[in-house]
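Here this note's numbering is used: the first residue of the sequence shown is 877, the next is one more, and so on. Backbone N, C-alpha and C define an ideal beta-carbon position, used for all residues, glycine too. Quick caveat, the model's predicted, so the values are computed rather than measured.
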Amino acid sequence: MKKRIYIFCLIFLMVLVLINCGKRKKNGVEVRVAYWGSPEEIKIITDTVRNWEKEHPNISVKLQHTSGGTAYISKILTQIAGGDAPDIVFAEVNVFVPMFEKGVFLDLTPFIKKDKDFNIDDFFQPVVRRFTRNGKIYCIPRDTAPFACVYYNKKLFDEAGIDYPTDDWRFDDLVRIAKKLTKRDSNGRVIQYGFYSWAWMNFVYSFGGRIVDNVENPTRCCLDEPSALKGLQFYVDLCHKYKVSPPPLTLKSMDQGPLEMFMAGRLAMFNSGIWETPRLRTITDFDWDVVMFPRGPVKRAFGTGGSGYCILKSTKYPEEAWEVLKCLAGDYGQIWLAKTGLAQPANKRIAESKYWAGSPEKPLNKKMLNEAVKYAIYEPFHPKWQEAQDKYLKEALDMVFDKKMTPEQFAKKIVPEINKLMFGK
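This is the structure we're talking about:
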């Protein structure tokens, strides 16, 4: 039922956006922006743009919402080929890489250098470097998105008499606490799980493992290395040895996803990104906060996303597109973003300001993400990485976590297929 309501809300918001766009009178230049996102993001981006337009009557912005992933890439490339492409595209890492390889992005470095009102040095440099190739910047970061957030239900901690976790906790603490917070009924069926994470790479990194040999210029998949296998095994143990986390098959059989389970009080802690915040702020029956993902046996590290806005080479209005891009990823958009809690601003100055780190809005510990950035590891910069995940990795890892395949069998069977697809060997 909740899923149907969520889908209805998404469709309703999309219709409102289309109606709003249709009613607007075009003034001067129209700049088209392609993006994807949840109902919350649709509202945030729409509100940001519409308020900005009031101060810039010479530019109207047409928002083009679509689904993300490979379908998004295909649609944009088809529009470019047909001469009907948007001027600006929203891109996270797995969208940026394959599109960059197609040579469709405009070099933004000249705009950055001549715009006295824009300082790229204000941004967290790891995410800037992620969108920089051969010394040229092709995307202005909107946010950083480390998979560093462990959301926790304070009410369940209080009822169990457990102290809230702190940012210096470790894997041993995670297991100990999750055990205490996992509850079963009289038949032994789990009615409350202690912990859940979809971010399997966090465990690989925490044991000293790696996905590829070099993130920026990968030449082979390294998920068959002993340290990576130890990380995968720990994830398996959370599900089957300690029994504090639902394995994929169990999760699929439930009527709720991890976020909904957390909001319903059926999951004490779950690991994700800060983008869960807008929905979590609707919780009224318990208090919650966030803590940094724990340090592993070898080091503290976690995966990360991060997104921004690019201008396509095909735009007829590069100057106007740059102004709109600044609305979305510059101070104006970053402050709006910070207020919603949807994402950690990529602008370090704003992330450390009253709008983010100093904000009294939940989560209270969101400032920890400013520290988390330095522990974040990006996914491989390779045009076929997303395809490798979709074709091999996701299904195989589900089998590992459901104990239908061991990490060693995964290494022997799946890693060679990934190497063949990505590197031709």
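Please check the pair residue i and residue j, which I expect to be a contact at CB under 8 Å, by giving their CB distance rounded to whole angstroms.
| i | j | result |
| --- | --- | --- |
| residue 1167 | residue 1042 | 7 Å |
| residue 1180 | residue 1253 | 7 Å |
| residue 977 | residue 1259 | 4 Å |
| residue 980 | residue 1189 | 6 Å |
| residue 1111 | residue 1071 | The pair is not a contact, with the Cβ atoms about 11 Å apart (cut-off 8 Å). |
| residue 1276 | residue 1283 | 6 Å |
| residue 1245 | residue 1150 | 6 Å |
| residue 1103 | residue 1114 | No, residue 1103 and residue 1114 are not in contact; Cβ-Cβ is about 18 Å, not under 8 Å. |
| residue 1027 | residue 1156 | 7 Å |
| residue 911 | residue 920 | 11 Å between Cβ atoms; not a contact. |
| residue 1018 | residue 1209 | 7 Å |
| residue 1205 | residue 1184 | 6 Å |
| residue 1248 | residue 1232 | Not a contact, Cβ separation roughly 13 Å. |
Bridge partners of residue i, per DSSP?
| i | result |
| --- | --- |
| residue 941 | 911 |
| residue 1171 | 1046 |
| residue 1188 | 981 |
| residue 1097 | 1088 |
| residue 1182 | 1020 |
| residue 1059 | 1068 |
| residue 1220 | 1020 |
| residue 1010 | Bridge partners of residue 1010: none, in fact. |
| residue 1164 | 1029 |
| residue 1147 | 1026 and 1073 |
| residue 905 | 935 |
| residue 847 | In the structure displayed, the chain extends from 877 to 1301; residue 847 sits before or after that span and is not available. |
| residue 1253 | 1179 |
| residue 999 | 1223 |
Counting only the same chain and skipping the five closest in sequence on each side, list residues whose C-beta sits under 6 Å from that of residue i.
| i | result |
| --- | --- |
| residue 881 | With a pLDDT of 48 at residue 881, under the threshold of 50, the modelled position of that residue is not reliable, and the figure given next carries that caveat. There are no such residues. |
| residue 1067 | 1059 and 1061 |
| residue 899 | A caution first: residue 899 carries a pLDDT of 41, below 50, which makes its placement in the model unreliable, though a value can still be read off. Excluding positions up to five away in sequence, the list is empty. |
| residue 1212 | 924 |
| residue 885 | Confidence is the limiting factor: at residue 885 the pLDDT is only 49, short of 50, which leaves the residue's position unreliable, though a coordinate-based value still follows. Correct list, in chain order: 915. |
| residue 1286 | 1272 and 1276 |
What residue from the options has the CA that sits closest to residue i's CA?
| i | options | result |
| --- | --- | --- |
| residue 1171 | 1111, 1050 and 1279 | 1050 |
| residue 1033 | 1163, 968 and 1044 | 1163 |
| residue 906 | 932, 927 and 1076 | 932 |
| residue 995 | 922, 1183, 1222 and 971 | 1222 |
| residue 1161 | 1177, 1236 and 1141 | 1141 |
| residue 990 | 944, 969, 1195 and 1207 | 1195 |
| residue 1125 | 1031, 1154 and 1270 | 1270 |
| residue 1146 | 1025, 1081 and 1131 | 1025 |
| residue 1178 | 1268, 1005, 1086 and 1243 | 1086 |
| residue 1328 | 941, 934, 1023 and 1153 | Since the first and last residues shown for the chain are 877 and 1301, residue 1328 lies out of range. |
| residue 1133 | 1198, 1074, 1154 and 1174 | 1074 |
| residue 1119 | 946, 1064 and 1235 | 1064 |
| residue 869 | 1055, 1152 and 1021 | Lying before the first or after the last residue shown, residue 869 is absent from the chain, which here runs from 877 to 1301. |
| residue 1297 | 1095, 1105, 1100 and 988 | 1095 |
Can you name, in chain order, every residue of its own chain whose Cβ lies under 7 Å from the Cβ of residue i, other than the five neighbours on each side?
| i | result |
| --- | --- |
| residue 984 | 1013, 1014, 1016 and 1187 |
| residue 1288 | none |
Which same chain residues end up closer than 8 Å to residue i when comparing Cβ atoms and leaving out the 5 residues on each side of it in sequence?
| i | result |
| --- | --- |
| residue 902 | Low local confidence applies: a pLDDT of 48 at residue 902 is under 50, so the model's placement there is unreliable, and no value is given. |
| residue 1091 | 1253, 1254, 1255, 1256 and 1257 |
Discussion item. With a threshold of 8 Å, are at least 3 pairs of Cβ atoms found where one atom belongs to the region 962-971 and the other to the region 934-952?
Written reply: Segments in contact, yes.
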